[in-house]
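Trainee: In our numbering, the protein residues as written are 2 to 534. C-beta: ideal position from N, C-alpha, C; glycine also. What you are looking at is a predicted structure, and each value in this text was computed from that prediction instead of being measured. Pasting in a structure now, in structure tokens, and then I'll have a few things to ask.
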Ligand SMILES: Cc1cc2nc3c(=O)[nH]c(=O)nc-3n(C[C@H](O)[C@H](O)[C@H](O)COP(=O)(O)OP(=O)(O)OC[C@H]3O[C@@H](n4cnc5c(N)ncnc54)[C@H](O)[C@@H]3O)c2cc1C
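Here it is, written out as structure tokens:
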């Protein structure tokens with residue numbers, strides 16, 4: 002196929018003109034569009050997929066919220082381990098304390114209710130106990146299947162309710178939304194100042210002007226295989242929820258010289274691959290409660306252990322927030338064989354474990370994939386081959402390709418640790434330990450799986466995209482996961498909080514700029530918006 006021509010970066014012939022263009026219709030894009038509209042801008046919100054929602058619509062739905070700015074700042078600063086500038090963290094912490102009022106301002110007009118749930122943060126850093134979640138309690142009458150048939154597995158999730166609230170706010174304001182419309186390339190003047198962008202889609206390439214600026218809210222690179230191959234040690238990791246996020250913000254931004262930060266960091270666990278190649282998403286293992294070391298420990302059994310190809314345990318399967326860091330131990334490289342040591346690893350349960358609860362759950366936004374629900378008794382997955390059955394440890398070892406004696410020794414050691422109530426090898430919390438001894442045994446291959454990425458475009462505290470020298474690229478802003486601030490350890494609920502906070506900041510700044518085609522005095526409130534960082 003011939004390569005399509007690269008659109009003209011410097012075109013001044015625009016098909017249409019808006020004040021602000023927002024790229025991506027997830028939470029960050031929706032908030033940015035609402036705020037820009039409310040500030041008086043004529044807004045265009047474009048989304049490359051045929052349906053709205055992105056990863057956002059699959060989310061659990063809790064936004065991290067705090068009432069104490071300083072405590073929130075201290076906590077987030079500690080988790081970022083120096084990788085994200087202090088003023089960016091400060092702006093985020095300031096935004097956290099406003100989230101409840103802000104969410105109420107969007108929820109109440111559409112009849113939805115909001116609730117606050119106190120839940121400490123994941124690690125015992127200063128400020129961890131000051132934090133809560135704020136979320137949509139209910140959108141009366143919402144029928145998720147009817148309204149969002151492309152979304153699967155979210156009936157109990159507050160995230161879809163949250164999306165509905167934003168969607169309704171977009172509709173009620175009459176904000177123009179174009180689905181199936183990707184941003185292809187940014188347009189600039191000869192000095193590199195953003196002027197708009199080229200869109201694609203069924204209508205063909207269009208040059209759209211953005212008189213105040215462009216906000217990139219087009220997510221991370223969960224499905225960006227090229228970027229994963231380049232920046233992650235073992236390359237591709239399957240996305241668990243969505244195939245639309247291919248790292249386009251990174252490409253769009255880099256085209257204009259954007260700097261990047263912490264691309265290595267992603268939020269993910271270990272999970273299964275479906276045996277049907279037509280189901281290309283990863284499947285996260287069951288979400289069990291998070292815990293905080295030294296503060297509280299989980300009292301819920303985790304029915305499985307993981308072993309490597311030799312049949313040896315190699316990790317604490319239940320780290321404090323294993324849905325976030327669970328993939329990390331699977332990324333170890335065996336330097337002798339130059340291969341991943343634990344990828345895939347093997348998840349083992351016994352008959353009691355198989356019966357206790359579903360080992361995984363599936364949530365995704367994809368109209369082209371068939372509905373898939375993990376079975377309550379895990380037997381459908383035995384039938385379709387995601388799990389294999391072994392009547393004895395010997396048979397189990399044969400499935401792994403391990404020495405039976407080694408696997409038996411691992412199971413004996415684990416069962417002895419369960420009896421003792423202490424895992425001296427990897428520190429698994431005692432309340433989660435269950436012996437594995439009653440045949441038949443069940444085993445499934447597990448790989449790292451990515452929920453969402455935590456690195457992307459570097460930005461300042463105003464959400465301005467920065468180049469490699471730390472200078473802003475004029476009129477180019479980023480919001481949400483496309484420029485995620487989480488540099489080292491993630492805070493549960495932090496991504497959604499970031500979508501809201503960064504979407505608001507980006508809109509506030511961009512709508513404070515004079516239009517480039519009608520220069521006027523900048524708004525006093527935003528008079529620093531054009532100064533280099
Ligand atoms: C199962 C699951 C549960 C989660 N639960 C939580 C939770 O409870 N709390 C929390 O804080 N975080 C949670 N997360 C993470 C959180 O959902 C995401 O980090 C967040 O929703 C990202 O929002 P976003 O608006 O930045 O991106 P998205 O919601 O992914 O939106 C980006 C949009 O941009 C579109 N796009 C991409 N490229 C282009 C282009 N070139 N042109 C136009 N459009 C484009 C995409 O199609 C997409 O619709 C969860 C993640 C998963 C997978």
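Is it right to say residue 429 is buried, meaning 16 or more other beta carbons lie within 10 angstroms of its own, or is it exposed?
Mentor: Reading the chain shown from its first residue, position 428 is the one you call residue 429. Its Cβ being crowded by 16 or more others within 10 Å, residue 429 is buried.
Trainee: Quick check: is any heavy atom of ligand 1 less than 6 Å from the C-beta of residue 57?
Mentor: Translated into positions along the chain shown, residue 57 becomes position 56. Within the cutoff, so yes.
Trainee: Please report the residue range of the alpha helix (DSSP H) in which residue 161 lies.
Mentor: If you number the chain shown from 1, residue 161 lands on position 160. First-last of the alpha helix (DSSP H) with residue 161: 159 to 174.
Trainee: Check whether the Cβ of residue 154 sits closer than 6 Å to any heavy atom of ligand 1, and report yes or no.
Mentor: Translated into the one-based positions of the chain shown, residue 154 becomes position 153. No; taking the cut-off as 6 Å, the Cβ of residue 154 has no heavy atom of ligand 1 nearer than that.
Trainee: If you pair each beta-carbon of the segment 81 to 96 with each one of the segment 38 to 55, do three or more pairs fall below 8 Å?
Mentor: Judged by Cβ distances under 8 Å, the segment 81 to 96 makes no contact with the segment 38 to 55, as fewer than three pairs qualify.
Trainee: Can you list, in chain order, the residues of its chain with a C-beta nearer than 7 Å to that of residue 237? Leave out the 5 residues immediately preceding and following it.
Mentor: Taking the chain shown and counting its residues from 1, the one referred to as residue 237 is at position 236. Taken in chain order, the residues that qualify are 226, 229 and 230.
Trainee: Across the segment 134 to 142 and the segment 173 to 182, are there enough close Cβ pairs to call them in contact, namely three or more that are closer than 8 Å?
Mentor: With the cut-off at 8 Å, the segment 134 to 142 and the segment 173 to 182 do not touch.
Trainee: Kindly examine ligand 1 and report whether one of its heavy atoms sits closer than 6 Å to the Cβ of residue 49.
Mentor: On the chain shown, residue 49 is found 48 positions in, with the first residue counted as 1. The answer is yes for residue 49.
Trainee: Give a yes or no on whether the C-beta atoms belonging to residue 258 and residue 468 are separated by under 7 Å.
Mentor: Taking the first residue of the chain shown as 1, we reach residue 258 at position 257. Taking the first residue of the chain shown as 1, we reach residue 468 at position 467. Against a cut-off of 7 Å, the Cβ pair of residue 468 and residue 258 comes out as a contact.
Trainee: Cutting at 7 Å between CB atoms, please list the residues of its own chain near residue 411, excluding the five before and the five after it.
Mentor: To locate residue 411, count along the chain shown from 1; it is residue 410. Excluding residues within five positions, the ones whose Cβ falls inside 7 Å are 308, 312, 313 and 314.
Trainee: Output needed for residue 39: all residues of its chain with C-beta closer than 8 Å, excluding positions within five of it in sequence on either side, in chain order.
Mentor: On the chain shown, position 38 is the one that residue 39 refers to. Excluding positions up to five away in sequence, the list reads 174.
Trainee: Can residue 287 and residue 432 be called in contact, C-beta distance under 7 Å?
Mentor: By 1-based counting over the chain shown, the position of residue 287 is 286. By 1-based counting over the chain shown, the position of residue 432 is 431. No; because the gap between Cβ atoms is not below 7 Å, this pair is not in contact.
Trainee: Only counting runs of 3 or more residues, tell me where the beta strand (DSSP E) segments fall wholly within the segment 33 to 71, in order along the chain.
Mentor: If we require 3 residues or more, the beta strand (DSSP E) runs fully inside the segment 33 to 71 come out as 44 to 47 and 64 to 67.
Trainee: Helix, strand or coil: which one does DSSP assign to residue 151?
Mentor: Residue 151 sits at position 150 when you count from the first residue of the chain shown. Note: residue 151 maps to coil in three-state DSSP.
Trainee: Quick check: the Cα distance between residue 114 and residue 280, rounded to an integer number of angstroms?
Mentor: Residue numbering aside, residue 114 sits at position 113 when the chain shown is read from its first letter. Residue numbering aside, residue 280 sits at position 279 when the chain shown is read from its first letter. When rounded, the distance between both Cα atoms is 36 Å.
Trainee: On a Cα-Cα basis, can you pick out the residue from 77, 195, 157 and 186 that is closest to residue 126?
Mentor: Your numbering for residue 126 matches position 125 in the chain shown. Among 77, 195, 157 and 186, the Cα nearest to that of residue 126 belongs to 77.
Trainee: Cβ of residue 452 within 6 Å of any heavy atom in ligand 1?
Mentor: Against the chain shown, residue 452 aligns to sequence position 451. Yes; taking the cut-off as 6 Å, the Cβ of residue 452 has a heavy atom of ligand 1 nearer than that.
Trainee: Do residue 453 and residue 56 have their beta-carbon atoms positioned less than 7 Å apart in this structure?
Mentor: Start at 1 with the first residue of the chain shown, and residue 56 comes out as number 55. Start at 1 with the first residue of the chain shown, and residue 453 comes out as number 452. Cβ distance < 7 Å, so residue 56 and residue 453 count as in contact.
Trainee: Please classify residue 246: is it buried, with 16 or more other beta-carbons within 10 angstroms of its beta-carbon, or exposed?
Mentor: Counting from 1 along the chain shown, the entry for residue 246 is found at position 245. Classification of residue 246: buried, given that the 10 Å Cβ count is 16 or more.
Trainee: Touch check for the segment 15 to 34 and the segment 210 to 225: three-plus C-beta pairs under 8 Å?
Mentor: They touch, by the three-pair rule.
Trainee: Please return the same chain residues whose Cβ sits closer than 7 Å to the Cβ of residue 270, not counting the five positions on each side in sequence.
Mentor: Numbered from 1 along the chain shown, position 269 holds the residue referred to as residue 270. Cβ within range, chain order: 285, 286, 323, 324, 327, 328 and 450.
Trainee: Identify whether residue 408 lies in helix, strand or coil by the three-state DSSP scheme.
Mentor: Your numbering for residue 408 matches position 407 in the chain shown. Note: residue 408 maps to helix in three-state DSSP.
Trainee: Cα separation between residue 423 and residue 413?
Mentor: Your numbering for residue 423 matches position 422 in the chain shown. Your numbering for residue 413 matches position 412 in the chain shown. The straight-line gap from Cα to Cα measures roughly 14 Å.
Trainee: Cα separation between residue 121 and residue 128?
Mentor: Taking the first residue of the chain shown as 1, we reach residue 121 at position 120. Taking the first residue of the chain shown as 1, we reach residue 128 at position 127. If you take the alpha carbons of residue 121 and residue 128, they lie about 9 Å apart.
Trainee: Secondary structure at residue 531, three-state DSSP: helix, strand or coil?
Mentor: Taking the first residue of the chain shown as position 1, residue 531 is located at position 530. Its pLDDT being 35, under 50, residue 531 is placed unreliably by the model, and nothing is read from it.
Trainee: Do you know how far the Cα of residue 88 is from the Cα of residue 132?
Mentor: Here residue 132 corresponds to residue number 131 of the chain shown, with the count starting at 1. Here residue 88 corresponds to residue number 87 of the chain shown, with the count starting at 1. So the alpha carbons of these two residues sit roughly 20 Å apart.
Trainee: With a threshold of 6 Å (Cβ to nearest heavy atom), would residue 301 be considered close to ligand 1?
Mentor: Reading the chain shown from its first residue, position 300 is the one you call residue 301. False, no ligand heavy atom lies under 6 Å from that Cβ.
Trainee: Tell me which same chain residues have a C-beta within less than 7 Å of the C-beta of residue 518, skipping the five on either side of it?
Mentor: Locating residue 518 in the chain shown gives position 517, counting from the first residue. 212.
Trainee: For residue 392, count neighbouring C-beta atoms within 10 Å of its own C-beta (all shown protein chains included) and say buried if the count is 16 or more, exposed if not.
Mentor: Against the chain shown, residue 392 aligns to sequence position 391. By the neighbour-count rule (16 or more Cβ atoms within 10 Å), residue 392 is not buried but exposed.
Trainee: Can you tell me whether residue 201 sits near ligand 1, meaning its C-beta is under 6 Å from at least one heavy atom of the ligand?
Mentor: By 1-based counting over the chain shown, the position of residue 201 is 200. Not so, every heavy atom of ligand 1 lies at least 6 Å from the Cβ.
Trainee: Counting along the chain, where does the beta strand (DSSP E) carrying residue 284 start and finish?
Mentor: Walking along the chain shown from the start, residue 284 turns up at place 283. Per DSSP, residue 284 belongs to the beta strand (DSSP E) from 283 to 285.
Trainee: What residue range is occupied by the uninterrupted beta strand (DSSP E) comprising residue 121?
Mentor: The residue you call residue 121 lines up with position 120 of the chain shown. Note, residue 121: premise wrong, no beta strand (DSSP E); not H, not E.
Trainee: Using a Cβ-based criterion (distance less than 6 Å to any ligand heavy atom), does residue 249 qualify as near ligand 1?
Mentor: Position 248 of the chain shown, counted from the first residue, corresponds to residue 249. Yes, since a heavy atom of ligand 1 falls inside the 6 Å radius drawn around the Cβ of residue 249.
Trainee: For residue 37, which residues from the same chain have a beta carbon less than 6 Å from its beta carbon, with the 5 sequence-adjacent residues on both sides left out?
Mentor: As a working note, residue 37 is residue 36 in the chain shown. Counting only Cβ-Cβ distances below 6 Å, and skipping sequence neighbours, we find 21, 44, 508 and 512.
Trainee: Compare the Cα-Cα distances from residue 505 to each of 33, 24 and 23 and report the closest residue.
Mentor: Start at 1 with the first residue of the chain shown, and residue 505 comes out as number 504. Considering only alpha carbons, the answer is 33.
Trainee: When you compare each of 157, 341, 15 and 83 to residue 137 by their alpha carbons, which one comes out closest?
Mentor: Here the question's residue 137 lines up with position 136 in the chain shown. Among 157, 341, 15 and 83, the Cα nearest to that of residue 137 is on 157.
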